[in-house]
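*Asks:*
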Amino acid sequence: MTTSEIKIYKSEDGSSEIQVKLDNETVRLSQKQMAELFGKDSDTIGLHLKSISKSEELDEFSTTEFYSVVQQERKRIVNRKIKVCNLDAIISVGYRVNLKRGTQFRIWANKILKDYLVKGYSIKLAEDCCMK
Numbered sequence: 535m536t537t538s539e540i541k542i543y544k545s546e547d548g549s550s551e552i553q554v555k556l557d558n559e560t561v562r563l564s565q566k567q568m569a570e571l572f573g574k575d576s577d578t579i580g581l582h583l584k585s586i587s588k589s590e591e592l593d594e595f596s597t598t599e600f601y602s603v604v605q606q607e608r609k610r611i612v613n614r615k616i617k618v619c620n621l622d623a624i625i626s627v628g629y630r631v632n633l634k635r636g637t638q639f640r641i642w643a644n645k646i647l648k649d650y651l652v653k654g655y656s657i658k659l660a661e662d663c664c665m666k
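Those letters in the sequence shown? Residues 535 to 666, by our numbering.
1) Please tell me whether TYR601 and ILE616 are closer than 8 Å, where the distance is taken between their beta carbons.
2) Can you give me the start and stop residues for the beta strand (DSSP E) that LEU583 sits inside?
3) In terms of residue numbering, what span does the beta strand (DSSP E) encompassing ARG562 cover?
4) Opposite GLN606 in the DSSP bridges: which residues?
5) Taking the alpha-carbon positions, what's the ALA623 to VAL612 distance?
6) Return the first residue and the last residue of the alpha helix (DSSP H) that SER596 is part of.
7) Could you tell me whether the Cβ atoms of SER591 and SER626 are closer together than 8 Å?
8) If you compare alpha carbons, which of ASP649, ASN644 and VAL631 is closest to LEU583?
9) Since ARG635 and SER550 should fall inside the 8 Å C-beta cutoff, what is the C-beta to C-beta distance between them, to a whole number of angstroms?
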């Protein structure tokens, strides 16, 4: 998986649908998207992320990036920096909120990544076989 790709995650009950960006072999979500995913508010997700960083479970700088997003706020167009977290951070937050929707997402995300890894491995095997 060398290019960015958007996948749609939909909760089992259909109450939540989130665009998930697959980028550099990881999933990336904003704090707001994680809040929707896990059925919590954005502040709670932020507290979990701070706790994860403070406990040194994950390094904040290696698990987060900032994307520039242009959006309309009232009558003006503004450019905001949005913090996005990779799969490691998302899963860590998911274990902390420990809700059914979090478990559903972890199963889905692991399947997607496993599919990419297996496909990549299969392609590599085919290339190695043909190169001989």
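The beta-carbon is built from N, C-alpha and C at its ideal position, and this holds for glycine as well.
*Replies:* By the coordinates alone:
1) yes
2) No beta strand (DSSP E) contains LEU583, which is instead part of the alpha helix (DSSP H) from 576-588.
3) 560-564
4) ILE611
5) 27 Å
6) 594-597
7) A small fix is needed here, since residue 591 is Glu in this sequence, not Ser. In this structure, GLU591 places its C-beta atom within 8 Å of the C-beta atom of SER626.
8) VAL631
9) Indeed they touch by this definition, with Cβ atoms about 7 Å apart.
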